[in-house]
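Residue numbers (the working numbering), protein chains in the order written: chain A, 1 to 509; chain B, 1001 to 1325; chain C, 2001 to 2167.
In this text, a Cβ means the ideal position worked out from N, Cα and C, and glycines have one as well.
A quick note: this is a predicted structure, and the numbers were derived from the prediction, not measured.
Working notes, beginning with the structure itself.
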Amino acid sequence: MMEILGHLADGFLLSLQPLNLMLIIIGVTLGLFIGAMPGLGSVNGVAILLPITFLVPPASAIIFLAAIYYGAMYGGAISSITLGIPGASTAVATTFDGRPLAMKGRASLALVTAAIASFVGGTVSNVLFTAFAPPLATVALNFGPPEIFALMLLAFATFVGLGGDDIPKTIFSICFGLVLAAVGFDEISGEPRLVFFGISGFLHGINFLVLAIGVYGIGEMLWTLDSTRGKITSTAATFSVKGVVEDAKEGMRRGWKGTAIGSLLGFFVGILPAAGATPGSLMSYGVAKMVARKPQEFGQGHPSGVAAPEAANNSASTGAMLPMLTLGIPGSPTTAILLGGMVIWGLTPGPRLFTDQTEFVWGLIGSFYISNFFALLINLAFIPLFIWMLRMPFTILAPMIFVLSVVGGYAATQDMHDVWLMLFFGLGAFFLRKLDYPLAPAVLAIVLGPIAEPTLRQSLLLSSGDATIFITRPIAGPITIIAIILILLPVFQLIRKKMKGDKAPAEMS
Amino acid sequence: MGITRRLMMGLSFAATMAVGVFGANMPAFAWEPVKPIDFVIMAGAGGGADQIARFIQSVAEKHKMSPRPLVPNNKGGGSGAEALIALKGASDPDHTILVTLNSFFTTPLRQPNLGIDIQTFTPVQMMGVDPFVLWVHKDSGITTFEDWVAKVKADDGNYVMGGTGKGQEDSIVVAWMEKNYGLKIKYIPYKGGGAVAKDLAGQQIMASVNNPSEAKGFFEAGDVVPLIAFSDERLPNLPDTRTVKELGKDFSYYNQRAVVGAPGMVDDAAAFYQDLFTKIYNTSEWQDYMKSESLEPLPMDPGQQKAYWATQVERHKELFKEMGE
Amino acid sequence: MRRAEIITAGVLALLSIYMMWKSTDLDVGYISGEGPGGGAWPFWLAAVMLVCTGVIAVNWARRTSPPSQSTEPLLDSYGIRMLVLVGGGITGFIALTHIISMYGAMFVFLIYYLRVMGQHTWRLTMAIATLTPAIFFYFFEALMRITLPKGMRFLDPIFNALSALIY
């Protein structure tokens, strides 16, 4: 243990060298804007800046990339809160409460809470990482397809309560998202599938961002313009230094539970190679809502609903480094690119990296701590800018959001086909929203579907079609059972309510 | 301790070399790119082909070899069908190039309705070929290919292997083994070679046919054991692993790592890219990469590349026929 | 809104049927010893979608869901005007992208929205409409190395000159 702390101290010193510190600050700032741009996420930042890092020594380069990675994770929350568009799949859940807070004029509370929760999440997972990295890697290896599928089931279960009041419309929305997730290519049979009308643009599937930007960036905006009769001039966002301090206190007081849940849950889901940060942040939101004293406040603008997914996605993104560093397996597309970077620098990620290249590993982990801290400071420093943006007249903010949506829709896949598809989803979402169809479940489903379906079918191939594999495996079993109980819980409650309702029919809701 | 310094020295040495060789006398070309080059990758982000493409891009960037940047563009949909369609319909073929795998041959064969004729593409450079090796987990206790064949036979259809999907490179090798050794294997498709290697290390599957680069980390840690290589000669990084040729079977299988240009590229542009990628091929970075990732060189001029494509298409036709597809 | 509810349910039912039909390209059954076929996942989920639209229709007939009780129109005259002006504007933006590039289309769209819809001054309109594409161009092409659509080939000389400037 002392040895580890010694290495870590070396890592701190390494990242505090003037050149490295400067790179951290530049990296975090760049990452923040890349993450805040809908359609771009840490994966773009890291991919694009990889070649640039040849200008500096490898250790500094990887520190720079880690800083971009952290900055982008913080930045994702910014577009979710200020624009209502999740800039990355990891920030979807942040819109659920972040956007309502911003609409109520509490954008600064949401942004401050997100920043603090991100910092705590990042720090908690850094500590867990420092202490337990090698043993946790073994845990990650024990997660095969049945375990990952059970986990997806659990993720869905935590979201049962998220839909609207109209049950058939909620179920429709979930299934719609899951079918869209299946478009393009069937991994198991190796055949193209659901290539609608033979249009080749469907071959690469439907990126989550195309649906999310369509629904939130276009559909939701049209709905706002319609329902406010265009009278909305600007949101009443305010900013003052004193206000930020107050917001920080309130965010911590009301968001601590979400932060705690997100930090831990995010880390453990993040270390699983197939899962990554997105399911982690979704599940944290669901669990935070479940354990809240007043769950009905979630979705209306509760700080815990911002804190949970933000703590989780930061925590998970550190966690996702674990399979990469210890096993050489990317936990997310971003780490996949970082992995490529390490190969370029002549490092072999894998089980021996921790023992053979301790200086590099601990230097990197040390830079995580430092990057995380600077990401918090830089993020807080930029809050006035984002608040100022929100205060712009709506006739300026709205076209900017539309421009960002179109550009973001293109940047995600670099295909104009997806921009048209996004417009189609946006217009459809506008009408469906008016008719009380909840659309968040569809967005969640398109994120989880591409993980759930292949793992389900891989598991059944493993077991020769025997579905009990999800119950009989030692890790998958308990997860599956908890998930099934959670899914059935509302049904039981409904039955109980019905029975009670028969006795007291006069009760008004 | 010394790793970063050593690396730094290595890199700066390489940089000096490169400046000496390429920087000083850049020959003037009849054609040079005037806009960013669309560098299409026939696979999704993060996979083996993607890593190679980004490595190539990084090397080009580092030595400032091209006046306009190579902009990576992942188009992995439909086993690469998306990338082939994109190249065929490229609005500016002179600025569109593609990093290919064997799906360059197999996808047009399996999906003839795409209407892709790969002979219309422009040959640029063969960067190397990636061999395949059969791996098992060390806890299985199997150390020789013969033991493995016996074990698979004994399991009678319940032996589980992972791979990247039906019709993909590794599945062709698995199908070949099934046919030539009378085996029955349960084959689980995964998203990429990395996921396969990880699930082998975690013993979710019993064996895999992976490129050495994908299994390298686990091999060095001793988690996985190579049984047999599907290369022509023994691999320098795995000198103790026999090849199937040594067992008297005339079979070898490689994944190509080649760069091709869009159909209809003008000759001067093709000459520019051929020269650019020859330079990249000759850098110490690429040579080191080939060595450490067990890629084998297969140098060819553009004419030979076209002939190679034709033989590969014929070869895959036969392989598919043998597999009963 | 009552009429819209049943029409939407009908359209979604058709969509579900189309998806089910499209799924049958692959095996939608349960292959013994292997699990569900390649089309099973989308096929059965689309079937659930179809059932849901059926339930929505029943709720409509029984007038149990809020939209089926509503007597308001789905879109009043204001709503239609908004949808045509804003939705049409975005559609035009995307269509123009194919012709005069993402940057050019952005410029036109911003002028349209700021000046025509927002009634802002020409000075503000032009400032935002020129600055935004310029910033996007630098951010995407130079910094992020992501190329946005450049429209038809007649714009090539302009963009090539700009490329020479930033690389």
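DSSP links residue 283 of chain A through a beta bridge to no other residue. The residues 2067, 2070, 2072, 2074, in chain order, have a CB closer than 6 Å to that of residue 2001 of chain C in the same chain once the five nearest residues on each side in sequence are set aside.
Residues of the stretch 188-213 of chain A whose Cβ lies closer than 7 Å to any Cβ of chain B, in chain order: 188, 189, 190, 192, 200, 203, 204, 205. By the Cβ criterion, the stretch 1088-1103 of chain B is in contact with the stretch 1258-1267 of chain B, since at least three pairs of Cβ atoms, one from each stretch, lie closer than 8 Å. Using a Cβ-Cβ cut-off of 8 Å, residue 17 of chain A does not count as an interface residue toward chain B, since no Cβ of chain B sits closer than that to its own. For residue 2053 of chain C, the enclosing alpha helix (DSSP H) starts and ends at 2040-2062.
When the alpha-carbon of residue 267 of chain A is set against those of A/290, A/221, A/228, A/320, the nearest one is in A/320. Contact fails between the stretch 387-401 of chain A and the stretch 368-375 of chain A, because fewer than three Cβ pairs, one in each stretch, are under 8 Å apart.
A buried status is given to residue 2150 of chain C, since no fewer than 16 other beta-carbon atoms sit within 10 Å of its beta-carbon. Scanning the stretch 208-270 of chain A from its first residue to its last, the whole alpha helix (DSSP H) runs of 4-plus residues come out as 208-212, 220-227, 241-270. Residues of chain A with a Cβ closer than 7 Å to the Cβ of residue 1166 of chain B are, in chain order, 189, 190.
Using beta-carbon distances, residue 399 of chain A counts as an interface residue toward chain C, with a partner under 8 Å. Put simply, of C/2083, C/2047, C/2022 the residue whose alpha carbon is nearest the alpha carbon of residue 224 of chain A is C/2083.
Chain C places no beta carbon closer than 8 Å to that of residue 1299 of chain B, leaving this residue out of the contacts. Apart from the 5 residues on each side of it in sequence, residue 1235 of chain B sits with its Cβ closer than 7 Å to the Cβ of 1131, 1212, 1229, 1241, 1294 in its chain, given in chain order. Looking at B/1085, B/1128, B/1318, B/1145, the one whose alpha-carbon comes closest to that of residue 1052 of chain B is B/1128. Residue 466 of chain A sits in coil when the DSSP states are folded into three classes, being neither helix nor strand.
For residue 1257 of chain B, no CB of chain C lies under 8 Å from its own CB, so it is not counted at the interface with that chain. A direct Cα-Cα distance of roughly 7 Å separates residue 133 of chain A from residue 322 of chain A. Contact between residue 35 of chain A and residue 75 of chain A holds, with the beta-carbon distance rounding to 2 Å and staying under 8 Å.
Beyond the five residues adjoining it in sequence on each side, residue 2009 of chain C comes within less than 7 Å, by CB distance, of 2053, 2056, 2057, 2060 in the same chain, given in chain order.
Per the coordinates, the alpha-carbon of residue 1281 of chain B lies some 12 Å from the alpha-carbon of residue 1273 of chain B.
A distance of 8 Å or more separates the beta carbons of residue 2016 of chain C and residue 194 of chain A.
Look at residue 1102 of chain B here: in three-state DSSP terms it is coil, with no helix or strand label. Rounded to whole angstroms, the separation of the alpha carbons of residue 386 of chain A and residue 1225 of chain B is 54 Å.
The stretch 140-157 of chain A makes no contact with the stretch 392-404 of chain A; the number of CB pairs closer than 8 Å stays below 3. Residue contact check for residue 2159 of chain C against chain B: a CB pair falls below 8 Å.
In the displayed model, residue 1031 of chain B falls within coil according to three-state DSSP, outside both helix and strand. Proximity to residue 169 of chain A across A/466, A/21, A/438, A/159 peaks at A/438, based on C-alpha coordinates. Contact note: residue 43 of chain A reaches chain B through 1045, using a C-beta cutoff of 8 Å and chain order. The C-beta of residue 328 of chain A comes no closer than 8 Å to any C-beta of chain C. Just so you know, the alpha carbons of residue 2161 of chain C and residue 1252 of chain B end up roughly 49 Å apart.
Spanning the alpha carbons of residue 2078 of chain C and residue 226 of chain A requires a straight line of approximately 8 Å. Contact of residue 406 of chain A with chain C by beta-carbon distance below 9 Å involves 2090, 2093, 2094, 2097, 2102, 2105, 2106, 2109.
Residue pairing by DSSP places residue 1208 of chain B opposite B/1135, B/1162 in a beta bridge. Taking C-alpha positions only, residue 1110 of chain B is separated from residue 1312 of chain B by approximately 14 Å.
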